[in-house]
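The structure appears right after this line, and notes come after that.
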Amino acid sequence: MKTYNITVFTENNIGILNRITIIFTRRHVNIESITASDCEEDGIYRYTIVIKTSQSQAIKIVNQIEKLVDVIKAFYYENKEVIYQELALFKVSNSSFKNEQINTLLKNNDAKIISLESEFITLQKTGSTAEIKKLFTYLKPYGVLEYAKSGRVAVSRPMRDLKDFI
Amino acid sequence: MEKITGSQAVIKSLIKENVDTIFGYPGGAIMPIYDALYEYKNEINHVLVRHEQGAIHAAQGYARASKKCGIVFATSGPGATNLITGLADAMIDSTPVVCITGQVHSSLLGTDAFQETDVIGISMPVTKWNIQITKSRDIPNAIAKAFYIAKSGRPGPVLIDITKDAQFDLLNFEYVFCNHIRSYFPFPALNKIEIKNAAKEINKSKRPLLVIGQGIILSNAENALLDFVKKTDIPVASTLLGLGAFPNNHKNYVGYLGMHGNYAPNIMTNECDLLIAIGMRFDDRVTGNVNKYAKQAKVIHIDIDKAELNKIIPAHYAIHADAKDALNELTIEVFEKKHSNWNKEFKILEKQELNQVIYNSINPKSGKIKMAEVINLLSKKADQNTIITTDVGQHQMVTSRYYKYENSRSNITSGGLGTMGFALPAAIGAKLGAKNKTIVAIIGDGGFQMNIQELGTIMQSNIDIKIIILNNNFLGMVRQWQEMFFNKRYSFTDIQNPNFIKIAEGYGIQGKKIEKRSLLDSGINQLLKSKGSFILEVICEKEENVFPMVKTGSSVSEIILK
Chain A
1 MKTYNITVFT
11 ENNIGILNRI
21 TIIFTRRHVN
31 IESITASDCE
41 EDGIYRYTIV
51 IKTSQSQAIK
61 IVNQIEKLVD
71 VIKAFYYENK
81 EVIYQELALF
91 KVSNSSFKNE
101 QINTLLKNND
111 AKIISLESEF
121 ITLQKTGSTA
131 EIKKLFTYLK
141 PYGVLEYAKS
151 GRVAVSRPMR
161 DLKDFI
Chain B
1001 MEKITGSQAV
1011 IKSLIKENVD
1021 TIFGYPGGAI
1031 MPIYDALYEY
1041 KNEINHVLVR
1051 HEQGAIHAAQ
1061 GYARASKKCG
1071 IVFATSGPGA
1081 TNLITGLADA
1091 MIDSTPVVCI
1101 TGQVHSSLLG
1111 TDAFQETDVI
1121 GISMPVTKWN
1131 IQITKSRDIP
1141 NAIAKAFYIA
1151 KSGRPGPVLI
1161 DITKDAQFDL
1171 LNFEYVFCNH
1181 IRSYFPFPAL
1191 NKIEIKNAAK
1201 EINKSKRPLL
1211 VIGQGIILSN
1221 AENALLDFVK
1231 KTDIPVASTL
1241 LGLGAFPNNH
1251 KNYVGYLGMH
1261 GNYAPNIMTN
1271 ECDLLIAIGM
1281 RFDDRVTGNV
1291 NKYAKQAKVI
1301 HIDIDKAELN
1311 KIIPAHYAIH
1321 ADAKDALNEL
1331 TIEVFEKKHS
1341 NWNKEFKILE
1351 KQELNQVIYN
1361 SINPKSGKIK
1371 MAEVINLLSK
1381 KADQNTIITT
1391 DVGQHQMVTS
1401 RYYKYENSRS
1411 NITSGGLGTM
1421 GFALPAAIGA
1431 KLGAKNKTIV
1441 AIIGDGGFQM
1451 NIQELGTIMQ
1461 SNIDIKIIIL
1471 NNNFLGMVRQ
1481 WQEMFFNKRY
1491 SFTDIQNPNF
1501 IKIAEGYGIQ
1511 GKKIEKRSLL
1521 DSGINQLLKS
1531 KGSFILEVIC
1541 EKEENVFPMV
1551 KTGSSVSEII
1561 LK
């Protein structure tokens, strides 16, 4: 079992997300994160799906996804084959921190404050799953009022041109 | 340009696609389409079924007999949900079917309106493609796309759900055939280097075995296969859905594969040095235990569906190609060869099966009639112009074993899904798809009752099919497993049947019940010579088992003869 990043390029049609996810459901593979966005080609949608599975299962899943009429191309990558980021927001109480503490924290974790309210501050951190988890662990004792994290966005290291597949 | 309604556009589009037959059942949400159809009664034959499941199985039978798409009309809600079994069946057996379902008015979508159901969501896993149309102007393109997708590449079922307002609204009708979708690649380019490498392996091989599936039929590769076999002298074994793709009486034909298949090809799967699988997908009923499947052999796997390659059995040469293209190219590349001794080895095993299983099954002297003797006799009497449809279960396995399929598209059965109730409506569709053929539906007593209502369709549409009910008063295959694997605990497999002949009579269909062996011959004659539909009910041995058998978990070479 390894982490695989499945990247799928599709037409932007209603229902395609559902068609893709049922391929995972049917094989009892849990989706750890999924993000959807546009991509470098106009009108084409891009999904990044993170799963833990075996390589052979990842290949089979990619083949089943590519079989879908509205899917242009699908790829699978190990973590080392992608450059990826996740984004997390932490809502923490104003009173928990002293100013210098905050500054060290931001510096050490490469995070930033994106809103300052009377009762709380919101910290933003982008990075790897591990980095975000590390910050969360650090903040926990101070009391995290809310925590939200995005799915993974990733670009591949191997060179490829989507135009080759259209 | 003249404006027409969405409903008229549906019918006009179907006519553009050369549709001559529709299987359907009207209802509230599809009434505008039925209203438009009323004006085209002379151009399109609409067959009113008695249940939507009957409609889609009939469309499957039609498609498999005619090479065309089967067309289904059904209404929203229950009409649409009743199609699901047939969609799943068509999906797994690669049958091109276009279903058009009515849907509630678009403003009512998601409101739990009367007869509203999320048919797009429900049918998604069992369709190759589906789409909901809420704007009448989108209808022609959706239908053009549907036909293209259903028929091309690995065929399959598609569904178009059209809201009632889209059926009523006006549009400027223009029909453009679809022959390209940028995200869809149904025609893989043949990689000649891959073919050359595979050919080298074939030339080297001393004990090659060809394993063919329905892909041969779907790609019209029957003649290409004959040419290839003529040049290479390789023994040919067939899957259930491949039966008929290669003539049963050909000297290189070595039998039917899998759980209840023939002894020789199952044993030899684990003796060959090269397994050439074309247009088949290594179903578990074919492979038995995959960990003990053809481990000694190199594997060449040719399929048009890339997802099938390396899915179950890893291939040394996985070739993503159309079967016909690949076979034609292979035939050029391979050496002419004779495999006389290797072919003889199959004949020795064949003889063992003949002596230990077949002979006694088709020539019993006492006891009740055996299924095998019925099929053997039918096979002798039926002419080359016959199509056989079957359900699932013992009667299906016996038919596959004992009927000598000599022609392509002469075998229409529910293979992958194993759907009881398939054979009767599929026979109706097959007759309409191949009007000059004799259609014989072979059905068990259980399966017959799963779509028995379609006798009404036969009556109303005056359809000529010959039905054989192999009646053992049991859900026979489950009973066989209960006997073998569940200590004979016959849990709810003993089925009480109605008087089938009287039921047939109620529908104006002739029939005859036979219990005595001495009457079997004349009974089958009467069936085949009857004018119009006929039901021959044959009372069979109650607790007969189908052998040989590859038990679950066993290797194909551990096939047992009794």
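Top line first, the protein sequences correspond to chains A and B.
Be aware that the first sequence starts at 1, since it is given in this note's numbering, and climbs by one per residue.
Be aware that the second sequence starts at 1001, since it is given in this note's numbering, and climbs by one per residue.
Cβ atoms here follow ideal geometry from the backbone N, Cα and C, with glycine treated the same way.
- Judged by DSSP in its simplified three-state form, Ser1340(B) adopts helix.
- Taking a C-beta cut-off of 7 Å against chain A, the contacting residues of the segment 1168-1199 of chain B are Ile1181, Arg1182, Ser1183, Tyr1184, listed in chain order.
- For the segment 1480-1539 of chain B, the continuous beta strand (DSSP E) assignments of 3+ residues that do not extend past its boundaries occur at 1510-1514, 1534-1539, in sequence order.
- Within the model, the alpha-carbon separation for Gln57(A) versus Asn109(A) is close to 36 Å.
- The Cβ of Ile1524(B) sits no closer than 8 Å to any Cβ of chain A.
- Between the alpha carbons of Arg1479(B) and Asp1165(B) lies a gap of roughly 51 Å.
- Using a Cβ-Cβ cut-off of 8 Å, Glu11(A) counts as an interface residue toward chain B, since at least one Cβ of chain B sits closer than that to its own.
- Contiguous alpha helix (DSSP H) elements confined to the segment 1226-1314 of chain B occur at 1263-1269, 1284-1287, taking only those with 4 or more residues.
- Taking a C-beta cut-off of 7 Å against chain B, the contacting residues of the segment 68-81 of chain A are Val69, Asp70, Val71, Ile72, listed in chain order.
- Per DSSP, the continuous alpha helix (DSSP H) segment holding Asn99(A) begins and ends at 99-109.
- At a cut-off of 8 Å, the C-beta of Arg27(A) has no neighbouring C-beta in chain B.
- In this chain, the beta strand (DSSP E) harbouring Ala36(A) covers 31-38.
- Under a criterion of Cβ atoms nearer than 8 Å, no residue of chain A is adjacent to Ala1323(B); the nearest Cβ is some 18 Å distant.
- Look at Lys1192(B) here: in three-state DSSP terms it is helix.
- Taking C-beta separations shorter than 8 Å and ignoring five residues to either side along the sequence, the partners of Glu1541(B) in its chain run Gly1367, Lys1368, Ile1369, Lys1370, Met1371, Asn1472, following chain order.
- In terms of beta-carbon proximity, Trp1342(B) stays away from the interface with chain A, with every pair separated by 8 Å or more.
- Residues of chain B with a Cβ closer than 7 Å to the Cβ of Asn63(A) are, in chain order, Lys1306, Ala1307.
- DSSP lists Asn1172(B) as the bridge partner or partners of Lys1003(B).
- CA-to-CA, the gap between Asp1391(B) and Ile72(A) works out to about 37 Å.
- Under the Cβ criterion of 8 Å, Met1124(B) is counted among the residues facing chain A.
- Under DSSP, the beta-bridge partners assigned to Asp1161(B) are Thr1101(B), Gln1132(B).
- Where Tyr1317(B) is concerned, the enclosing beta strand (DSSP E) starts and stops at 1317-1320.
- The beta-carbon distance between Thr1287(B) and Ile1313(B), rounded to whole angstroms, is 7 Å. This is short enough to meet the 8 Å contact definition.
- One finds Met1124 in chain B with Cβ atoms closer than 7 Å to the Cβ of Arg19(A), taken in chain order.
- Taking a cut-off of 8 Å on C-beta distances, the segment 1044-1063 of chain B touches the segment 1428-1439 of chain B, as three or more cross pairs fall below it.
- Looking at the DSSP output, Lys91(A) bridges to Thr122(A), Glu146(A).
- The alpha-carbon of Ser1076(B) is positioned some 7 Å away from that of Thr1117(B).
- Under the three-state reduction of DSSP, Leu1561(B) is assigned to coil, being neither helix nor strand.
- Interface annotation for the segment 81-115 of chain A against chain B: empty, criterion Cβ-Cβ distance under 7 Å.
- What Ile22(A) touches in chain B, judged by beta-carbon distance under 8 Å, is Met1124, Pro1125, going in chain order.
- C-alpha of Ala1504(B) to C-alpha of Leu1455(B): approximately 7 Å in a straight line.
- Residues Ile1442, Leu1536 of the same chain have their beta carbon placed closer than 6 Å to that of Ile1468(B), with the five preceding and five following residues left out of the count.
- Taken through DSSP and simplified to helix, strand or coil, Gly151(A) comes out as coil.
- Lys1466(B) sits away from Ile1428(B), with the two beta carbons spaced by 8 Å or more.
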